[in-house]
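Protein chains in written order, with numbering that gives the first Met the number 0: chain S, 0 to 544; chain G, 0 to 293.
C-beta atoms are modelled at their ideal positions from N, C-alpha and C, and glycine is treated no differently.
Below: the structure, in structure tokens.
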Amino acid sequence: MAEHTHAPAATSPAHAVHAVHDEHDHRPHGWRRWVYATNHKDIGTMYLVFAGLMFLIGGSFAMVIRAELFEPGMQLVDPQFFNSMTTMHALFMIFGAVMPAWTGLANWLIPMQIGAPDMALPRLNNLSFWILPFAFTLLFSTLFVPGGAPAGGWTLYAPLMVQTGDAFPMTIFAIHMMGASSILGAINVIVTIMNMRAKGMGLLRMPLFVWTWFITAFLLIAAMPVLAGAVTMLLTDHYFGTTFFTATGGGDPIMFQHIFWFFGHPEVYILILPAFGVVSEIIPTFSRKPLFGYETMVYATASIGFLSFIVWAHHMFVTGIPLAGQLFFMLSTMLIAVPTGVKVFNWTATMYKGSLSFEPPMLFALGFLFMFTIGGFSGLMLALVPADYEYHGTYFVVAHFHYVLVPGAIFAIIGAVYYWLPKWSGKMYDMRLATWHFWLSTVFVNVLFFPQHFLGLAGMPRRIPDYAVQFTDWNMVSSIGGFAFGLSQLLFPYIVLKCLRSGEPATGRVWESAHGLEWELPSPAPYHSWGEPPSEALIARGAAH
Amino acid sequence: MAQAHAPDSSKYYLPHNSPWPIFASVSVFTIMLGAVVYLNDWTGLWSIIPGFALLFTMFICWFHTVIGENQHGIYNLQVDRSFRMGMLWFILSEVMFFGAFFGALFYARILAVPWLGGEGVKFFTHFILWPTYEGTWPTNGPAHIGGNAGSFNIVPAFGVPAINTLVLLSSGVTVTIAHHALRQGKRGMLIVFLAATFLLGFTFVGLQAHEYGESYRELGLRLSTGIYGSTFFMLTGFHGLHVTIGATMLVIIWLRVLRGHFTPQRHFAFEAVSWYWHFVDVVWLGLFIFVYWL
Ligand code: HEM
Ligand SMILES: [Cu+2]
Chain S
0 MAEHTHAPAA TSPAHAVHAV HDEHDHRPHG WRRWVYATNH KDIGTMYLVF
50 AGLMFLIGGS FAMVIRAELF EPGMQLVDPQ FFNSMTTMHA LFMIFGAVMP
100 AWTGLANWLI PMQIGAPDMA LPRLNNLSFW ILPFAFTLLF STLFVPGGAP
150 AGGWTLYAPL MVQTGDAFPM TIFAIHMMGA SSILGAINVI VTIMNMRAKG
200 MGLLRMPLFV WTWFITAFLL IAAMPVLAGA VTMLLTDHYF GTTFFTATGG
250 GDPIMFQHIF WFFGHPEVYI LILPAFGVVS EIIPTFSRKP LFGYETMVYA
300 TASIGFLSFI VWAHHMFVTG IPLAGQLFFM LSTMLIAVPT GVKVFNWTAT
350 MYKGSLSFEP PMLFALGFLF MFTIGGFSGL MLALVPADYE YHGTYFVVAH
400 FHYVLVPGAI FAIIGAVYYW LPKWSGKMYD MRLATWHFWL STVFVNVLFF
450 PQHFLGLAGM PRRIPDYAVQ FTDWNMVSSI GGFAFGLSQL LFPYIVLKCL
500 RSGEPATGRV WESAHGLEWE LPSPAPYHSW GEPPSEALIA RGAAH
Chain G
0 MAQAHAPDSS KYYLPHNSPW PIFASVSVFT IMLGAVVYLN DWTGLWSIIP
50 GFALLFTMFI CWFHTVIGEN QHGIYNLQVD RSFRMGMLWF ILSEVMFFGA
100 FFGALFYARI LAVPWLGGEG VKFFTHFILW PTYEGTWPTN GPAHIGGNAG
150 SFNIVPAFGV PAINTLVLLS SGVTVTIAHH ALRQGKRGML IVFLAATFLL
200 GFTFVGLQAH EYGESYRELG LRLSTGIYGS TFFMLTGFHG LHVTIGATML
250 VIIWLRVLRG HFTPQRHFAF EAVSWYWHFV DVVWLGLFIF VYWL
């Protein structure tokens with residue numbers, strides 16, 4: 000207790016006396032617990048709730064899109080608003096739902112998994128979270144200003160984006176704030192992993208979720224500032240007369256795309272790498288076998304992280320970049336398929352001859368495995384320069400990235416919640432309903448996105464509110480899938496709330512063959528995960544590879 | 000209010016709850032709102048003042064708390080390491096931010112401008128739109144944005160910028176000497192050399208401001224002078240902003256030295272600021288070479 004005896008000024012003197020007791024449940028109460036939060040679990044919870052809310056709002060934007068596209072012709076909204084919907088949908092889903100969900104999971108899990116009491120920089124952690132609600136308030140309110148919400152697409156391309164109305168600076172500043180939040184969050188993750196591991200938790204003993212987040216954090220630190228630079232240049236081009244993206248002044252609109260995608264491609268891996276980690280935790284548990292090829296998973300993740308910085312121009316094949324550039328970026332992109340293939344192989348090999356069972360987390364992980372791979376293959380098709388000349392700007396691209404993002408990243412997030420929720424809350428959820436959630440999601444996500452491959456191959460352009468009549472049938476199918484998928488997601492908050500209210504108590508281990516330090520803690524996990532560092536024997540038991 | 004130190008504090012230190020992070024979020028949001036209403040012409044520039052006032056208050060209060068806690072010796076070595084690593088990775092993110100602008104500079108000089116001048120794959124743009132455009136650097140583009148042809152001059156490298164290079168490089172030396180003095184407990188030397196560092200820093204900023212004045216008044220070089228003005232002022236401007244922040248932090252460190260805050264073993268804040276200062280220094284070298292000289 001040495002620290003407390005000489006800490007009277009900054010902390011209350013009375014505290015020093017009673018901190019010794021009631022180790023675990025010593026938590027602040029009322030609104031201060033959340034607004035002034037420094038506890039990794041509280042902050043993780045706020046991140047997850049926030050992500051859920053943004054998922055709902057972003058999802059409603061998507062419903063508007065699918066309703067308008069149900070039939071050819073203009074029915075519900077005007078074209079400008081339609082374009083705002085596609086833009087806002089993407090920004091809310093990427094920066095509001097998926098990224099904060101991963102940071103929330105990182106907060107909850109990393110300290111538990113590496114044997115730490117909390118994150119390394121708890122107050123910074125609070126700051127990274129609380130920037131987000133403000134950023135999204137700013138972004139959301141663009142819907143109500145003159146000129147409407149931004150409508151130039153989430154890629155914010157100049158010169159289109161520069162023509163946005165009063166929403167323009169709001170969008171830019173919202174992105175600055177989201178970026179700051181992610182950078183601070185990433186710094187915290189890196190420092191936590193480097194500095195807070197319990198003795199005996201060697202780097203190559205860390206669970207894969209920790210590893211994949213570690214690498215994700217480096218991607219964030221390297222990529223987000225570049226996005227900040229890009230949007231700053233947009234801002235000065237609009238208001239202060241710079242000509243970064245104007246050819247008359249010696250700039251180049253294509254330059255915006257280079258800078259944006261230098262951020263943008265690492266960004267898509269920021270969205271998916273933690274998902275790889277989650278799947279690598281779930282599949283061994285429900286196969287009752289250690290993960291096949293743990294070390295190759297680590298190296299594959301690292302090489303994906305590295306490669307993601309040298310493939311960006313595969314988004315720009317039709318902009319007229321030099322041929323040598325197209326060849327380079329085609330080959331580097333196809334190279335990413337190698338480490339990605341290693342991962343898919345390892346997950347499959349982990350299941351081989353395992354004694355499988357199909358609880359909801361496993362179902363979502365399997366859904367991920369199959370459908371993410373479909374998205375990976377369509378990505379490979381898009382990586383081929385001559386083929387991309389055909390596919391670029393069509394619904395084929397939309398199908399590609401929705402396969403990697405929805406049954407990819409989102410399924411992994413849902414799977415992670417179903418995997419760790421009993422650990423967090425100490426209660427079991429309704430597995431039958433969660434199984435329903437899985438099957439409804441899986442069926443309808445395919446009804447929603449598979450036909451978009453056909454539409455794209457037949458030439459239907461993306462980001463268009465109206466279309467030629469021959470595209471009607473598949474668009475109707477897709478919209479029906481969309482509404483049904485959207486409705487099925489309402490099961491998710493219901494299942495979680497029901498669990499929190501009236502779930503059966505869960506055991507500490509929760510899943511009989513779960514490995515890792517978090518499962519050595521009781522359920523619900525104590526407020527400060529490892530107040531006492533775990534013993535090396537415990538760590539060795541957890542690291543089952 | 001209740002504190003959350005439950006873990007055995009001989010093994011771990013966890014900070015108690017704090018109002019300053021949320022205060023920081025609110026300040027940033029207020030600045031952003033102020034900038035939005037100003038840029039949209041709804042108000043004057045005064046609208047950004049409240050946000051910055053909040054931000055400065057926040058910084059003072061947050062640092063006050065942290066310094067107070069530190070002086071009471073409640074941070075252990077692990078916390079110290081966390082702070083160090085955090086600062087290093089933060090500086091890396093700053094490097095990437097400058098990287099975006101350097102990237103824009105290189106892209107414009109090596110690719111975009113020569114293409115506009117008719118080189119390489121984009122010949123027809125040149126041929127059809129601007130057949131007389133030469134595409135040489137420095138340029139404000141084929142339409143001479145922000146002035147007529149030949150209407151602006153650039154700042155020569157071996158004038159004020161070269162002096163500024165010397166100023167900043169010597170400030171890098173003085174801060175290192177100060178650091179050694181701190182480690183060896185030579186207080187007088189520490190105070191003098193640290194003061195010299197921030198004085199050099201502010202000299203740099205002053206000279207830079209003077210140079211900006213000349214550019215605008217005499218050289219016809221402005222932020223809006225095509226791609227040259229854009230890259231020149233954005234790069235040097237963000238750098239100057241960082242020097243100002245760095246020098247201000249040096250002043251704070253200096254005041255803390257006067258109060259006897261650091262020990263030869265434990266002086267994270269000093270090191271963090273000196274790292275930041277070296278980073279600003281290195282960025283300037285890049286600027287001097289690629290923006291002014293080559
Ligand atoms: C095997 C791995 C992958 C390959 C080879 C690949 C390839 C590509 C290519 C070539 C494009 C550009 C298509 C075009 O615009 O013409 C693209 C677009 C896209 N990809 Fe992938 N991709 C892969 C994995 C992923 C992953 C894992 C994600 C995200 C989790 C992702 C998200 C996206 C997104 C969001 C876009 C569209 C961006 C836009 O234009 O709005 N991709 N992909
Ligand atoms: Cu990409």
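Can you confirm whether residue 211 of chain G, when its beta carbon is compared against all beta carbons of chain S, has any partner nearer than 7 Å? Along the second sequence, read from residue 1 onward, the residue named residue 211 of chain G stands at position 212. Taking Cβ atoms only, chain S never reaches closer than 7 Å to residue 211 of chain G, which makes this a no.
Can the beta-carbon of residue 226 of chain S be found closer than 7 Å to that of residue 265 of chain S? In the first sequence, counting from the first residue as 1, residue 226 of chain S sits at position 227. In the first sequence, counting from the first residue as 1, residue 265 of chain S sits at position 266. Against a cut-off of 7 Å, the Cβ pair of residue 265 of chain S and residue 226 of chain S comes out as no contact.
Would you verify that the beta carbon of residue 20 of chain S is, or is not, closer than 7 Å to some beta carbon of chain G? Stepping through the first sequence from its first residue, residue 20 of chain S is reached at position 21. Here the model assigns residue 20 of chain S a pLDDT of 36, short of 50, so the residue's position is not dependable, and the following value carries that caveat. So no, residue 20 of chain S is outside the interface.
I'd like the list of long-range same chain contacts for residue 171 of chain G, defined as Cβ closer than 8 Å, with 5 residues on each side in sequence excluded. Position 172 of the second sequence, counted from the start, is the residue given in the question as residue 171 of chain G. Excluding positions up to five away in sequence, the list reads 276, 277 and 280.
Buried or exposed for residue 298 of chain S, going by 16 or more other Cβ atoms inside 10 Å? Residue numbering aside, residue 298 of chain S sits at position 299 when the first sequence is read from its first letter. Result: exposed.
Bridge-paired residues (DSSP) for residue 393 of chain S: Locating residue 393 of chain S in the first sequence gives position 394, where the first residue counts as 1. Bridge partners of residue 393 of chain S: S:460.
Does any residue of chain S bring its CB to less than 7 Å from the CB of residue 272 of chain G? Position 273 of the second sequence, counted from the start, is the residue given in the question as residue 272 of chain G. No, because no Cβ of chain S sits closer than 7 Å to the Cβ of residue 272 of chain G.
Tell me the DSSP secondary structure of residue 426 of chain S in three-state form. Your numbering for residue 426 of chain S matches position 427 in the first sequence. Three-state DSSP puts residue 426 of chain S in a strand.
Would residue 532 of chain S and residue 114 of chain S be called neighbours here (beta carbons separated by less than 7 Å)? Here residue 532 of chain S is taken as the residue at index 533 of the first sequence, counted from 1. Here residue 114 of chain S is taken as the residue at index 115 of the first sequence, counted from 1. For residue 532 of chain S and residue 114 of chain S, yes; Cβs fall inside 7 Å.
Can you say whether residue 68 of chain G is buried or exposed, counting buried as having 16 or more other CB atoms within 10 angstroms of its CB? The residue you call residue 68 of chain G lines up with position 69 of the second sequence. With 16 or more Cβ atoms within 10 Å of its Cβ, residue 68 of chain G is classed as buried.
Which residue's Cα is closest to the Cα of residue 228 of chain G: G:39, G:108, G:274 and G:36? The residue you call residue 228 of chain G lines up with position 229 of the second sequence. Ranking the options by Cα distance to residue 228 of chain G, first place goes to G:108.
Any residue whose CB is nearer than 6 Å to a heavy atom belonging to ligand 1, listed in chain order: S:154, S:267, S:270, S:271, S:313, S:314, S:332, S:335, S:336, S:339, S:375, S:378, S:379, S:381, S:382, S:387, S:390, S:391, S:396, S:399, S:400, S:403, S:404, S:407 and S:408
Using a C-beta cutoff of 7 Å, does residue 88 of chain G count as contacting chain S? Here the question's residue 88 of chain G lines up with position 89 in the second sequence. Closer than 7 Å to some Cβ of chain S, the Cβ of residue 88 of chain G qualifies, so yes.
So, using beta-carbon positions, are residue 151 of chain G and residue 54 of chain G closer together than 7 Å? Working through the second sequence from its first residue, we reach residue 151 of chain G at position 152. Working through the second sequence from its first residue, we reach residue 54 of chain G at position 55. Their beta carbons are not under 7 Å apart, which means residue 151 of chain G does not touch residue 54 of chain G by this criterion.
Under 6 Å: does the beta carbon of residue 257 of chain S sit that close to some heavy atom of ligand 2? As a first step, residue 257 of chain S must be located in the first sequence, where it is residue number 258. No, the beta carbon of residue 257 of chain S sits no closer than 6 Å to any heavy atom of ligand 2.
In three-state terms, what does DSSP make of residue 521 of chain S? Within the first sequence, residue 521 of chain S is the residue found at index 522, counting from 1. In the structure shown, residue 521 of chain S sits in coil (DSSP, three-state: anything other than H, G, I, E or B).
Contact between the region 478-492 of chain S and the region 430-447 of chain S: three or more CB pairs below 8 Å? yes
Cα-Cα, which of S:197, S:288 and S:169 is closest to residue 237 of chain S? Reading the first sequence from its first residue, position 238 is the one you call residue 237 of chain S. Closest option to residue 237 of chain S, Cα to Cα, is S:169.
Backbone CA spacing between residue 431 of chain S and residue 15 of chain G [nearest angstrom]: Translated into positions along the first sequence, residue 431 of chain S becomes position 432. Translated into positions along the second sequence, residue 15 of chain G becomes position 16. The straight-line gap from Cα to Cα measures roughly 41 Å.
Judging by CA-CA distance, which residue of S:137, S:319 and S:452 is the nearest neighbour of residue 397 of chain S? By 1-based counting over the first sequence, the position of residue 397 of chain S is 398. The residue with the shortest Cα to Cα distance from residue 397 of chain S is S:452.
Just list the alpha helix (DSSP H) runs in the region 154-232 of chain G, keeping only unbroken ones of 4 residues or longer that don't cross its boundaries, in chain order. 159-182 and 186-213
CB-CB under 8 Å to residue 3 of chain G, same chain, minus the five flanking residues each way: which ones, in chain order? Locating residue 3 of chain G in the second sequence gives position 4, where the first residue counts as 1. Below a pLDDT of 50, predicted positions are generally treated as unreliable, and residue 3 of chain G, at 38, falls in that range; the measurement from the model is reported next regardless. 13, 15 and 16.
Cα separation between residue 114 of chain G and residue 318 of chain S? One-based indexing of the second sequence puts residue 114 of chain G at position 115. One-based indexing of the first sequence puts residue 318 of chain S at position 319. For residue 114 of chain G and residue 318 of chain S, the distance between alpha carbons rounds to 14 Å.
At a Cβ cut of 7 Å, what residues of the region 164-197 of chain S count as close to chain G, listed as they run along the chain? 165, 168, 169, 172, 176, 182, 186, 189, 190, 193 and 194
Chain-order list of residues whose beta-carbon lies under 7 Å from that of residue 140 of chain G (same chain, five-residue window excluded): Within the second sequence, residue 140 of chain G is the residue found at index 141, counting from 1. These residues qualify, in order along the chain: 225 and 226.
Considering Cα atoms alone, identify which of G:260, G:253, G:88 and G:33 is closest to residue 177 of chain G. Start at 1 with the first residue of the second sequence, and residue 177 of chain G comes out as number 178. The shortest Cα separation from residue 177 of chain G among G:260, G:253, G:88 and G:33 belongs to G:253.
Can you give me the Cβ contacts of residue 88 of chain G inside the same chain, cut-off strictly under 6 Å, excluding the 5 residues immediately before and after it? The residue labelled residue 88 of chain G in the question sits at position 89 within the second sequence. Excluding sequence neighbours, residue 88 of chain G sits near nothing in its chain.
Beta-bridge pairing of residue 504 of chain S - partner residues as DSSP gives them: Position 505 of the first sequence holds residue 504 of chain S. According to DSSP, which records beta bridges pairwise, residue 504 of chain S is partnered with S:426.
Check residue 86 of chain G in the structure and name its three-state DSSP category. For the purposes of this step, residue 86 of chain G is taken as the residue at position 87 of the second sequence. Helix.
Quick check on the burial criterion: 16 or more other C-beta atoms within 10 angstroms. Buried or exposed for residue 529 of chain S? Your numbering for residue 529 of chain S matches position 530 in the first sequence. Flag for residue 529 of chain S reads buried.
I want to check one thing, is the minimum distance from the CB of residue 264 of chain S to the heavy atoms of ligand 2 below 6 Å? If you number the first sequence from 1, residue 264 of chain S lands on position 265. Under cutoff, so the answer is yes.
Measure the C-alpha to C-alpha separation of residue 337 of chain S and residue 303 of chain S and round it to an integer number of angstroms. Indexing the first sequence from 1 puts residue 337 of chain S at position 338. Indexing the first sequence from 1 puts residue 303 of chain S at position 304. Between residue 337 of chain S and residue 303 of chain S, the C-alpha separation is close to 9 Å.
Identify whether residue 239 of chain S lies in helix, strand or coil by the three-state DSSP scheme. In the first sequence, the residue the question calls residue 239 of chain S occupies position 240. Note: residue 239 of chain S maps to coil in three-state DSSP.
Which first and last residues belong to the alpha helix (DSSP H) in which residue 187 of chain S is found? Taking the first sequence and counting its residues from 1, the one referred to as residue 187 of chain S is at position 188. Unbroken alpha helix (DSSP H) run through residue 187 of chain S: 166-194.
Whether or not the region 76-85 of chain S and the region 33-44 of chain S are in contact is what I'm after, with contact meaning three or more pairs of Cβ atoms, one per stretch, closer than 8 Å; do they touch? no
Using only the alpha-carbon positions, how far apart do residue 22 of chain S and residue 109 of chain S sit? Taking the first sequence and counting its residues from 1, the one referred to as residue 22 of chain S is at position 23. Taking the first sequence and counting its residues from 1, the one referred to as residue 109 of chain S is at position 110. Per-residue confidence for residue 22 of chain S stands at a pLDDT of 41, beneath the threshold of 50, marking its modelled position as unreliable; the derived number appears in the next sentence. Roughly 21 Å separates the two Cα atoms.
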